[in-house]
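Residue numbers (the working numbering): 4 to 158. What follows is a single structure, written as structure tokens, with notes after it.
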Amino acid sequence: MSHRQKGFTLIEVMLVVVIISVLAAVAIPRLAGNSDKARENADIITARQVKAALDRYEIENGSYPTNDDVEAKNGEIICSKLIPAYINQLDASVTQQSVPEEKRGFGLQELPSSGEAYPTPTNLIMIYLTDDGRAAEVRVYDKNLDLNSCLWSSD
4 MSHRQKGFTL IEVMLVVVII SVLAAVAIPR LAGNSDKARE NADIITARQV
54 KAALDRYEIE NGSYPTNDDV EAKNGEIICS KLIPAYINQL DASVTQQSVP
104 EEKRGFGLQE LPSSGEAYPT PTNLIMIYLT DDGRAAEVRV YDKNLDLNSC
154 LWSSD
């Protein structure tokens, strides 16, 4: 009578470990990249909501808020004319990309005239307004925060 032992050989176990390691080596970097892209997309959606709120404000009031109406401090936008009537909150906790704390949230700068260069962004989502309330633009930058890394613009 032949008595056969049950179980896996060492070679079979090692082969399974190697296969799992190869799959993990391929999958983990892809998943990490998807996470960064998802965070960028979340910030783009937030910026679109900000632009929609600014547009609703402009329709109801005849002009956009001006730089004098809005204050940016520590990544938070403070504007009693806009918040909470048109959008709930604009603070650093809203943005999703991984950057140093001082770069999170929203920044405010004057919208450059046609043909002029944009100033260097200070935050992930920048709101550009004019002094006369004629125009408003919102831009989202990636974590490098340079002018060449604009992910989305409302212009």
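We put the CB at the ideal spot given by N, CA and C, even for glycine.
Would you be able to state if there are at least three C-beta pairs under 8 Å between the region 110–125 and the region 20–30?
Output reads no: the region 110–125 does not touch the region 20–30.
DSSP-derived helix/strand/coil call for R142:
Start at 1 with the first residue of the sequence shown, and residue 142 comes out as number 139. R142 falls in the strand class under three-state DSSP.
Grouping DSSP H, G and I as helix and E and B as strand, with all else coil, what is I128?
Within the sequence shown, residue 128 is the residue found at index 125, counting from 1. Note: I128 maps to strand in three-state DSSP.
Q112, DSSP secondary structure in three states
Along the sequence shown, one-based indexing puts residue 112 at 109. Strand.
Between V53 and G110, what straight-line distance do the alpha-carbon atoms span, to the nearest angstrom?
Here the question's residue 53 lines up with position 50 in the sequence shown. Here the question's residue 110 lines up with position 107 in the sequence shown. Looking at the two C-alpha atoms, the distance is approximately 12 Å.
How about the region 41–48 and the region 87–99: do they share at least three Cβ pairs that are nearer than 8 Å?
The region 41–48 is in contact with the region 87–99.
May I ask you to report which of helix, strand or coil DSSP gives I90?
Numbered from 1 along the sequence shown, position 87 holds the residue referred to as residue 90. Looking at I90 - three-state DSSP - the assignment turns out to be coil, as it is neither helix nor strand.
Where E61 and I31 are concerned, what is the direct C-alpha to C-alpha distance, given to the nearest angstrom?
Translated into positions along the sequence shown, residue 61 becomes position 58. Translated into positions along the sequence shown, residue 31 becomes position 28. If you take the alpha carbons of E61 and I31, they lie about 46 Å apart.
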